[in-house]
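Report on the following structure.
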Amino acid sequence: MSTFSGLSTALSSLIAQRQAIEVSGQNLANINTPGYTRQRLEMQSVSAGQGATMFSQGNGIGNGVQGVTVARLGDIFMDARVRTTSSSAEYLAARTDAYKRLESTIAEPGANGISADLDKLWASWSDVVNSPTSDAVGAVLLENSSAVQRSIATGYSAVVTQWDQTRTKAQSLVSDVNSAASSVALLNDQIQQITVSGGNANELIDQRNVLTTALASLAGATVRLQPNGTADVNIGGNPLVTGSTANKIKLVGSQEMVGAAGNQVRVEWDRVPAGTPAPLEGGELAGVLSVLAPADGGAGGLLAESAESYNALATKLATSVNALHSAGADRAGTTGVDFYSLPTDGSPAALGLRVAITSPDKIAVRNPANGANDTSVADAIGQLGASKDGPDSVWSTFVVSTGVKAKSALQSATVAEAARVTAEGLQLAQTSVDQDEESVNMLSFQRAYQGAARVMTAVDEMLDQLINRTGVVGR
1 MSTFSGLSTA LSSLIAQRQA IEVSGQNLAN INTPGYTRQR LEMQSVSAGQ
51 GATMFSQGNG IGNGVQGVTV ARLGDIFMDA RVRTTSSSAE YLAARTDAYK
101 RLESTIAEPG ANGISADLDK LWASWSDVVN SPTSDAVGAV LLENSSAVQR
151 SIATGYSAVV TQWDQTRTKA QSLVSDVNSA ASSVALLNDQ IQQITVSGGN
201 ANELIDQRNV LTTALASLAG ATVRLQPNGT ADVNIGGNPL VTGSTANKIK
251 LVGSQEMVGA AGNQVRVEWD RVPAGTPAPL EGGELAGVLS VLAPADGGAG
301 GLLAESAESY NALATKLATS VNALHSAGAD RAGTTGVDFY SLPTDGSPAA
351 LGLRVAITSP DKIAVRNPAN GANDTSVADA IGQLGASKDG PDSVWSTFVV
401 STGVKAKSAL QSATVAEAAR VTAEGLQLAQ TSVDQDEESV NMLSFQRAYQ
451 GAARVMTAVD EMLDQLINRT GVVGR
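Counting along the sequence shown from 1, when you hit position 367 you're at 367 in our numbering, and nothing is skipped either side.
Here you go:
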């Protein structure tokens, strides 16, 4: 091993330590970059040119150091856990948000809720019992009856509006899924090309990891890393991204809630054969689709079931009151007149409910078999509010059921969000940049660089002594 080889050894150290400092600088530069994973230069010593044998002339000392690769200090298992918890958390959050909005529309208990309107309605019937011939009291009854009808229609319309807006959101989420899938496919292609050529694709892998986590949050996507550096993304066990190819999904189904029963809103693959379903196992989109599902006897979609409850209330109110009112007689003795009317064209009962009586003197107060001062019919209608199977019971059952389900959804969403936060915390503990650690590393690399420079200076002085001063004794 010649004296000149010392220069090569020192130079290799200078290069390696400089590269290590550059990597630390990159880490510090991206300390606040979302999704960035810290990196580290992996070094290894360079072995001697020849092995130490009986006849070798070298002393077996190595030839310095070299930077082998820039390692990305990520953890695929922690990444997978974050994706799994994000999928569950977003699914439950979507349902919880729907419940919160629905509860704000119901406004129970409160002065503006339907329960308060029903109380006023039954109280008005009691007032009619006390003043059966008063037009003023009758007018108040008709107004309170119309107020209940309007409240039911308003509540139903609010559910329809929420359904329409939720469907629009679902369409937006589908677009987000397709956009993210296309970006992952493009990054796969770039990463593969860089990896094959021996380059460093760590930053591109970070970008892809952010997108795959977003896909898990959106559609419950799962990821499988391939030996060539690409990542395959599946939803519902079917490929969304394979290598540099992205498959698209589309939202199909009814544009209106009333037609969702026969044409459920769903996601399909945008490819041949047409109509191939794209089942989702989690994510925000799956949560939104569950909210949009048609009614199914209480086990269907949240909004459609709520709309059916408004229809059931309207129908119960009309049939209960009409059954008693039509059997009674008004001031003129007319019988067989319904107090409410329901639609006959197939439109929702909640929207078509109307007060059929327009004049106070047409209100049936008495039983025609009794005397002129009888008010038993009005009294019986006023007692419907306390009936176990009356309109109030139908409404309270819906309100209580919605409240219980909303609370359960909130609790589940809270637990799922806590699990996601924990998973993200563990991931960040492994992958995030620690400023103190990087500062210490930079100081270590700096000192090593200075040491290598000092070695180079020492070798230079040795060579100067050998070349310029040897053989000049006595001059």
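We put the beta carbon where it would ideally sit given N, CA and C, even for glycine.
Here the structure is a predicted model, which means the values were calculated and not measured.
For residue i, is the classification buried or exposed, using 16 other Cβ atoms within 10 angstroms of its Cβ as the cut-off for buried?
i      : result
Glu308 : buried
Arg167 : buried
Ile381 : buried
Asp206 : buried
Asp117 : buried
Glu305 : buried
Val404 : exposed
Glu461 : exposed
Asp296 : exposed
Ile357 : buried
Ser172 : exposed
Gly282 : buried
Arg101 : buried
Gln162 : buried
Arg208 : buried
Pro132 : buried
Ser197 : exposed
Return the bridge partner residues of residue i from the DSSP annotation.
i      : result
Asp232 : Arg224
Gly67  : Met43
Pro239 : Asn234
Glu90  : DSSP, once it has assigned bridges, lists no residue as partnering Glu90.
Trp269 : Ile249
Arg72  : Gln39
Arg366 : Ala329
Pro277 : Glu268
For a test of the three-state rule: what should DSSP assign to residue i, helix, strand or coil?
i      : result
Ile205 : helix
Gly287 : helix
Tyr449 : helix
Tyr340 : strand
Asn322 : helix
Val455 : helix
Thr334 : coil
Val355 : strand
Pro499 : Outside the displayed span of the chain (1 to 475) sits residue 499, for which this structure offers no information.
Gly25  : helix
Asn263 : coil
Gly155 : helix
Asp434 : coil
Ile31  : coil
Thr422 : helix
Thr133 : coil
Ser126 : helix
Thr213 : helix
Ala16  : helix
Thr397 : helix
Can you name, in chain order, every residue of its own chain whose Cβ lies under 8 Å from the Cβ of residue i, other than the five neighbours on each side?
i      : result
Leu280 : Ala219, Gly220, Ile235, Gly236, Val267, Ala286 and Leu289
Ala201 : Gln190, Ile191, Ile194, Thr195 and Gly229
Gly155 : Thr105, Ile106, Ile114, Tyr310 and Ala350
Gln435 : Leu28 and Ile31
Ala147 : Asp117, Lys120 and Leu121
Gly390 : Lys316, Ser320 and Leu384
Leu240 : Val177, Ala181, Leu215, Ala219, Ala221, Val233, Asn234, Ala246, Asn247 and Ile249
Can you name, in chain order, every residue of its own chain whose Cβ lies under 7 Å from the Cβ of residue i, other than the five neighbours on each side?
i      : result
Leu426 : Met78
Ala10  : Ala452, Val455, Met456 and Val459
Ser13  : Gly64, Val65, Ala448 and Ala452
Trp125 : Leu141, Ala378, Ile381 and Gly382
Pro109 : Ser115
Gln165 : none
Ile152 : Ile114, Tyr310, Leu313, Ala314, Ala350 and Leu353
Pro277 : Arg266 and Glu268
If you drop the 5 nearest sequence neighbours on each side, which residues of the same chain put their C-beta closer than 6 Å to that of residue i?
i      : result
Glu42  : Val68, Thr69 and Ala71
Arg478 : Residue 478 lies beyond the range of the chain shown here (1 to 475); nothing can be said about it.
Ala409 : Arg95, Thr96 and Tyr99
Ser182 : Ala246
Gly6   : Val459
Thr85  : Ala419, Arg420 and Ala423
Gln19  : Leu41 and Gly67
Establish whether the CB of residue i and some CB of chain D are separated by less than 8 Å.
i      : result
Leu204 : Annotation note: the requested chain D is absent from the structure, which comprises a single protein chain.
Okay, do the stretch 343 to 361 and the stretch 307 to 322 touch, 3+ Cβ pairs below 8 Å being the bar? Cβ pair count under 8 Å is three or more, so yes.
Under 8 Å, with one C-beta from each stretch per pair, do the stretch 91 to 99 and the stretch 405 to 424 reach the 3-pair mark? Touching, per the Cβ criterion.
Does the structure place the stretch 385 to 399 close enough to the stretch 364 to 377 that three or more beta carbon pairs sit under 8 Å? Contact between the stretch 364 to 377 and the stretch 385 to 399 is absent, because fewer than three Cβ pairs lie under 8 Å.
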